[in-house]
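Visitor: The structure follows.
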Amino acid sequence: MKNLFLVIVFVFSSVLTMAEEEWQLVWSDEFDYEGAPSSENWTALEGYLGFNQELQRYTSDLRNASVGNGLLRIEAHIDRVPYARFKEIKETLKSFGGDYKQLSNQEVTSARLVSAGKREFSNAKVEVRARFSDARGTWPAIWLLGDESKRPWPDCGEIDIMEHVGYDPNIIHSSVHTQNYNFRERNHSSKKTKVRSVEDFHIYGVEWSEDRLEFSLDGEVYHVLERGDRDDANWPFTASDKYHLILNIAVGGSWGGLEGLRKSASVLPYWMEIDYVRVYENLDH
Numbered sequence: 257m258k259n260l261f262l263v264i265v266f267v268f269s270s271v272l273t274m275a276e277e278e279w280q281l282v283w284s285d286e287f288d289y290e291g292a293p294s295s296e297n298w299t300a301l302e303g304y305l306g307f308n309q310e311l312q313r314y315t316s317d318l319r320n321a322s323v324g325n326g327l328l329r330i331e332a333h334i335d336r337v338p339y340a341r342f343k344e345i346k347e348t349l350k351s352f353g354g355d356y357k358q359l360s361n362q363e364v365t366s367a368r369l370v371s372a373g374k375r376e377f378s379n380a381k382v383e384v385r386a387r388f389s390d391a392r393g394t395w396p397a398i399w400l401l402g403d404e405s406k407r408p409w410p411d412c413g414e415i416d417i418m419e420h421v422g423y424d425p426n427i428i429h430s431s432v433h434t435q436n437y438n439f440r441e442r443n444h445s446s447k448k449t450k451v452r453s454v455e456d457f458h459i460y461g462v463e464w465s466e467d468r469l470e471f472s473l474d475g476e477v478y479h480v481l482e483r484g485d486r487d488d489a490n491w492p493f494t495a496s497d498k499y500h501l502i503l504n505i506a507v508g509g510s511w512g513g514l515e516g517l518r519k520s521a522s523v524l525p526y527w528m529e530i531d532y533v534r535v536y537e538n539l540d541h
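Letter 222 of the sequence shown, counting from 1, is numbered 478 in this note's numbering, and no numbers are missing.
Below you can see the structure in the form of structure tokens.
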């Protein structure tokens with residue numbers, strides 16, 4: 257079905273009306289292959305990145321991110337490790353404020369896939385069909401980040417298409433962070449909405465233009481942010497601002513770990529499944 261979708265999009269794009277061809281597919285990953293995530297589209301970051309006091313070490317292992325049966329599956333594992341190894345983990349987590357006390361001779365591994373340097377876009381519509389486990393301590397996210405090599409965060413801009421924290425069942429959040437409007441200042445634009453179950457597939461989307469961002473759930477817009485009188489520094493979402501996509505599961509941290517971790521065998525490993533990623537741009541403007 258996904259291959260049929262792509263054929264239809266490309267074959268009939270030339271005969272669509274102006275209204276229908278406003279958004280044209282420029283990139284997708286339908287995950288219709290087997291093995292590691294496509295190196296043409298994704299890089300798997302590695303190591304403890306130290307963001308938001310999270311507990312996971314990101315890896316490029318197939319155990320943490322693999323493709324099969326038409327899906328990308330990201331898993332976060334919590335494994336027992338020798339005490340000597342845990343001492344190293346503890347010191348690493350302490351260096352950036354990670355709450356190592358939530359672990360007991362354990363290591364957390366996960367995956368963070370980024371399209372940076374491979375698939376980047378601006379003034380686009382992004383849709384991701386996904387589902388994920390609803391377990392306390394998880395923090396899955398689907399988001400866009402600007403070019404940090406040109407401007408450090410938050411000046412580069414961040415668009416959170418979907419975030420979920422496991423202690424808040426079936427609630428999803430969308431947010432925007434810029435130079436003077438971000439979570440550190442506690443004044444960023446953010447909105448939440450409820451789904452029947454995050455463990456069912458939903459389409460998480462954002463559509464953005466020169467002066468407007470619209471976030472949607474299953475095609476229904478629930479969060480709108482307009483540029484208004486924001487200057488360029490606080491609206492880094494113009495046609496010249498390129499963004500890349502990030503898919504990851506964080507564990508614990510300043511938000512995801514507020515109410516601890518549920519580590520029972522019945523919920524491990526934590527997981528997220530992606531059916532497809534589709535990016536559209538307005539090629540007529």
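Note that beta-carbon positions come from the ideal geometry of N, C-alpha and C, so glycine has one too. Predicted model only: the values in this text are computed from it and were never measured.
1. Assuming the contact rule is C-beta atoms closer than 8 Å, S366 and E455 should be a hit. Round their C-beta distance to whole Å, please.
2. Can you tell me whether D403 is helix, strand or coil according to DSSP?
3. Touching or not, the segment 419 to 428 and the segment 392 to 405, by the rule of three or more beta carbon pairs under 8 Å?
4. What separation, rounded to the nearest whole angstrom, lies between the Cα atoms of W491 and N436?
5. I'd like to know if the segment 479 to 496 and the segment 285 to 295 are in contact, where contact means that at least 3 CB-CB pairs between them fall below 8 Å.
6. Helix, strand or coil for S360? Go by DSSP, reduced to three states.
7. Using the rule of at least 16 other Cβ atoms within 10 Å of the residue's Cβ for burial, across every protein chain shown, is A489 buried or exposed?
8. What first and last residue would you give for the beta strand (DSSP E) that runs through K498?
9. Please report the straight-line C-alpha distance between L359 and V370, rounded to a whole angstrom.
10. Pull up the distance between the alpha-carbon of E331 and that of Y478, whole angstroms please.
11. Grab the span of the alpha helix (DSSP H) containing K343 for me, first residue to last.
12. Determine the burial state of N320: buried for a count of at least 16 other Cβ atoms within 10 Å of its Cβ, exposed for fewer.
13. Tell me whether V535 is buried or exposed, calling it buried when 16 or more other Cβ atoms sit within 10 Å of its Cβ.
14. Got a sec? Which residues, its chain only, sit under 7 Å from P525 by beta carbon, not counting five neighbours each side?
15. At the level of alpha carbons, what is the spacing between S431 and N308?
16. If we ignore side chains and look at the alpha-carbon of each, how far apart do R329 and V323 end up?
17. Please state whether DSSP places S366 in a helix, a strand or coil.
18. Let's see if you can read the secondary structure: which residues bound the beta strand (DSSP E) around W511?
19. Label G353 either buried or exposed according to how many other C-beta atoms from any shown protein chain fall within 10 Å of its C-beta, with 16 as the threshold for buried.
20. Name the two residues that bound the continuous beta strand (DSSP E) containing Q309.
21. Would DSSP call D335 helix, strand or coil?
22. In the DSSP assignment, the beta strand (DSSP E) including E529 goes from what residue to what residue?
23. Kindly list the residues whose CB is nearer than 7 Å to the CB of D403, restricted to its own chain and excluding five residues on each side of it in sequence; keep chain order.
24. Could you check what DSSP says for A397 in three-state terms: helix, strand or coil?
25. State the DSSP-derived secondary structure class of A321, mapped to helix, strand or coil.
26. Between K346, I502, N538 and D531, which lies nearest to R385 when the distance is taken from Cα to Cα?
Guide: Answer, in terms of the structure:
1. Within the sequence shown, the letter at position 110 stands for residue 366. Within the sequence shown, the letter at position 199 stands for residue 455. So it is not a contact: roughly 18 Å between Cβ atoms.
2. Stepping through the sequence shown from its first residue, residue 403 is reached at position 147. The answer is coil: DSSP assigns D403 none of H, G, I, E or B.
3. Contact annotation: the segment 419 to 428 touches the segment 392 to 405, with at least three C-beta pairs closer than 8 Å.
4. Counting from one through the sequence shown, the residue named residue 491 turns up at place 235. Counting from one through the sequence shown, the residue named residue 436 turns up at place 180. About 10 Å.
5. Counting Cβ pairs under 8 Å, fewer than three are found: no touch.
6. Here residue 360 refers to the residue found at position 104 of the sequence shown. It is coil, neither helix nor strand.
7. The sequence position of residue 489 within the sequence shown is 233, counting from 1. Result: exposed.
8. Indexing the sequence shown from 1 puts residue 498 at position 242. For K498, no beta strand (DSSP E) encloses it, and the DSSP letter there is neither H nor E.
9. In the sequence shown, residue 359 corresponds to position 103, counting from 1. In the sequence shown, residue 370 corresponds to position 114, counting from 1. The alpha-carbon atoms of L359 and V370 are separated by roughly 27 Å.
10. For the purposes of this step, residue 331 is identified with residue 75 of the sequence shown, where counting begins at 1. For the purposes of this step, residue 478 is identified with residue 222 of the sequence shown, where counting begins at 1. Here the alpha carbon of E331 sits roughly 29 Å from the alpha carbon of Y478.
11. Here residue 343 refers to the residue found at position 87 when the sequence shown is read from its first residue. Annotation for K343: the continuous alpha helix (DSSP H) segment containing it runs Y339 to S351.
12. For this step, residue 320 is matched to residue 64 along the sequence shown. Under this definition N320 is a buried residue.
13. Position 279 of the sequence shown holds residue 535. The residue in question, V535, is buried, as its Cβ has 16 or more Cβ neighbours within 10 Å.
14. In the sequence shown, residue 525 corresponds to position 269, counting from 1. Same-chain partners within the cutoff: E331, A332 and H333.
15. Taking the sequence shown and counting its residues from 1, one reaches residue 431 at position 175. Taking the sequence shown and counting its residues from 1, one reaches residue 308 at position 52. Going from the Cα of S431 to the Cα of N308 covers about 16 Å.
16. Taking the sequence shown and counting its residues from 1, the one referred to as residue 329 is at position 73. Taking the sequence shown and counting its residues from 1, the one referred to as residue 323 is at position 67. CA-CA distance, R329 to V323, rounds to 6 Å.
17. Residue mapping note: residue 366 aligns to position 110 of the sequence shown, counting from 1. DSSP places S366 within a strand segment (E or B) once states are collapsed to three.
18. The sequence position of residue 511 within the sequence shown is 255, counting from 1. Element bounds for W511: not the beta strand (DSSP E) but the alpha helix (DSSP H), G509 to G512.
19. Along the sequence shown, read from residue 1 onward, the residue named residue 353 stands at position 97. The residue is exposed, with fewer than 16 neighbouring Cβ atoms inside 10 Å.
20. Translated into positions along the sequence shown, residue 309 becomes position 53. Per DSSP, Q309 belongs to no beta strand (DSSP E) and is neither H nor E.
21. Working through the sequence shown from its first residue, we reach residue 335 at position 79. In the structure shown, D335 adopts extended strand secondary structure according to DSSP, grouped into three states.
22. By 1-based counting over the sequence shown, the position of residue 529 is 273. That run of the beta strand (DSSP E) goes Y526 to E537.
23. Within the sequence shown, numbered from 1, the residue matching residue 403 stands at position 147. Contacts found: C412 and K498.
24. Counting from one through the sequence shown, the residue named residue 397 turns up at place 141. DSSP places A397 in strand when its eight states are reduced to three.
25. Walking along the sequence shown from the start, residue 321 turns up at place 65. When secondary structure is reduced to three states using DSSP, A321 falls in the strand class.
26. Residue 385 sits at position 129 when you count from the first residue of the sequence shown. Among K346, I502, N538 and D531, the Cα nearest to that of R385 is on D531.
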